[in-house]
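Report on the following structure.
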Amino acid sequence: MLVFAALTPSSPLLLPSIHKEKGVKLQKTLDAMEELAEELYASHPDVILLLSEHPTTYQDAFSINISNPYTFDMSAFGDLGFDRKLHPDIETIDRLQRNLRNQDQPVTLTTDEALDHGSAVAIGLLTEKLPDVKLIPITYSSLDAKAHFQFGQALKDIVFNADKRIAVIASGDLSHALESKSPAGFHKDGLLFDEKIKELVSQKNTAALISIDSDLVENAQQTAYQQLLILFGLLERVSVKPSILSYEAPFGVGFMVANFVLK
Numbered sequence: 012m013l014v015f016a017a018l019t020p021s022s023p024l025l026l027p028s029i030h031k032e033k034g035v036k037l038q039k040t041l042d043a044m045e046e047l048a049e050e051l052y053a054s055h056p057d058v059i060l061l062l063s064e065h066p067t068t069y070q071d072a073f074s075i076n077i078s079n080p081y082t083f084d085m086s087a088f089g090d091l092g093f094d095r096k097l098h099p100d101i102e103t104i105d106r107l108q109r110n111l112r113n114q115d116q117p118v119t120l121t122t123d124e125a126l127d128h129g130s131a132v133a134i135g136l137l138t139e140k141l142p143d144v145k146l147i148p149i150t151y152s153s154l155d156a157k158a159h160f161q162f163g164q165a166l167k168d169i170v171f172n173a174d175k176r177i178a179v180i181a182s183g184d185l186s187h188a189l190e191s192k193s194p195a196g197f198h199k200d201g202l203l204f205d206e207k208i209k210e211l212v213s214q215k216n217t218a219a220l221i222s223i224d225s226d227l228v229e230n231a232q233q234t235a236y237q238q239l240l241i242l243f244g245l246l247e248r249v250s251v252k253p254s255i256l257s258y259e260a261p262f263g264v265g266f267m268v269a270n271f272v273l274k
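Quick note: the sequence shown uses this note's numbering, first residue 12, plus one each step.
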């Protein structure tokens, strides 16, 4: 059964071992992540289904990582001490991939042991009190918006009917093009995209999310849209109350923390 659903940012600057003096500029996000961690802990999940960018990505297929154990490689950011290890829920992964293939969903299995920063941030900040929680990393594809939404719909049957308590976390950042110092430079569509996402998440407006102009998405240089589409597909016709806990962009990248409270 689904017990928790959220959107979190994926910037490594949020990790205490990396942000250092920059952490003070991210306090709203860090406070929101702390609040979300308490909500996750209170939901008593057995498994976290993590929708994120993972090392292996396919153009025309979604992928489920089945490595055991999962580790997290943060060496690119100078953090050699991130030593969390999580294990997969093999039974649920098997049920997921069989069910998805029966629905003709393009899905494959991968075996990347070392996950990247997008996973490390969510796991590092949200699961300190959940050392034994199992993990299922799922990677988006390069397919269109409708395909991602439909993939989320296909996940729904297994997630809601599982005899385990499942939390779903979509990890990614909003626009990387909000100002001249942004990683992708400035583009006027950056702010437009972030404002639109905040609006549609607050409203849980699925139709509008799917139909966002593809040029707006591309120009925003974001890393969260595909994960949100999957999450919205999974939450279709589910009674939830979206709550944006924080949004800030002190370094020219949009960081949003949102909790989809199950009713």
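Think of the CB as a built atom: it goes at the ideal place given N, C-alpha and C, for glycine as much as any other residue. Predicted, not measured: the structure shown is a model, and the values here were computed from it.
Subject >> Contact between the segment 144-157 and the segment 38-49 (3+ Cβ pairs under 8 Å) >> reply: Below 8 Å, too few C-beta pairs join the segment 144-157 and the segment 38-49 to call them touching: fewer than three.
Original post:
Considering only C-alpha positions, which residue in the set I169, N230 and V58 is nearest to G196?
Top reply: Nearest of I169, N230 and V58 to G196, Cα basis: N230.
**OP:** Please list, in chain order, all residues of the same chain as T122 whose beta carbon is under 8 Å from its beta carbon, the five residues on each side excluded.
**Re:** Within the same chain, T122 has close Cβ partners N76, I77 and S78.
Subject >> Bounding residues of the beta strand (DSSP E) (the contiguous stretch that carries T19) >> reply: Note, T19: beta strand (DSSP E), L13 to T19.
Subject >> Nearest-angstrom Cα separation, counted from Y52 out to K207 >> reply: One Cα belongs to K207, the other to Y52, and the distance between them is close to 30 Å.
Original post:
Within this structure, are the beta carbons of F204 and G135 separated by less than 8 Å?
Top reply: No, these two residues do not count as a Cβ contact at 8 Å.
**OP:** Give a yes or no on whether the C-beta atoms belonging to F266 and D200 are separated by under 8 Å.
**Re:** Not in contact: F266 and D200 (Cβ atoms no closer than 8 Å).
Original post:
Nearest CA to the CA of D224: which residue from K36, Y236, S213 and K215?
Top reply: Scanning K36, Y236, S213 and K215 for the CA closest to the CA of D224 turns up Y236.
Subject >> Helix, strand or coil at A131 according to DSSP, with G and I counted as helix >> reply: Helix.
Original post:
According to the neighbour-count rule (16 or more other Cβ atoms, all chains shown, within 10 Å of its Cβ), is I101 buried or exposed?
Top reply: Exposed is the call here.
**OP:** Rank L18, V264, S22 and R112 by C-alpha distance to the C-alpha of E46 and give the top, closest one.
**Re:** The shortest C-alpha separation from E46 is found at L18.
Subject >> Ranges of the beta strand (DSSP E) found wholly within the segment 97-175, counting only runs of at least 3 >> reply: Here the runs fully enclosed are 118-121 and 145-150.
Original post:
Can you pull the DSSP bridge partners for S182?
Top reply: Residue pairing of S182 in beta bridges, as defined by DSSP: T19.
Subject >> DSSP state of G50 mapped onto helix, strand, coil >> reply: Here residue 50 is Glu; the residue named in the question, Gly, does not match the sequence. Helix.
**OP:** Just mark N172 as buried or exposed, buried being the case when its beta carbon has 16 or more other beta carbons within 10 Å.
**Re:** Residue environment analysis places N172 among the exposed positions, since fewer than 16 neighbouring C-beta atoms fall within 10 angstroms of its C-beta.
Subject >> Backbone secondary structure at I208 - three-state DSSP >> reply: Three-state DSSP puts I208 in a helix.
**OP:** Assuming S182 contacts G244 (C-beta within less than 8 Å), just tell me the rounded distance between them.
**Re:** The beta-carbon separation of S182 and G244, rounded to 16 Å, does not stay under the 8 Å limit for a contact.
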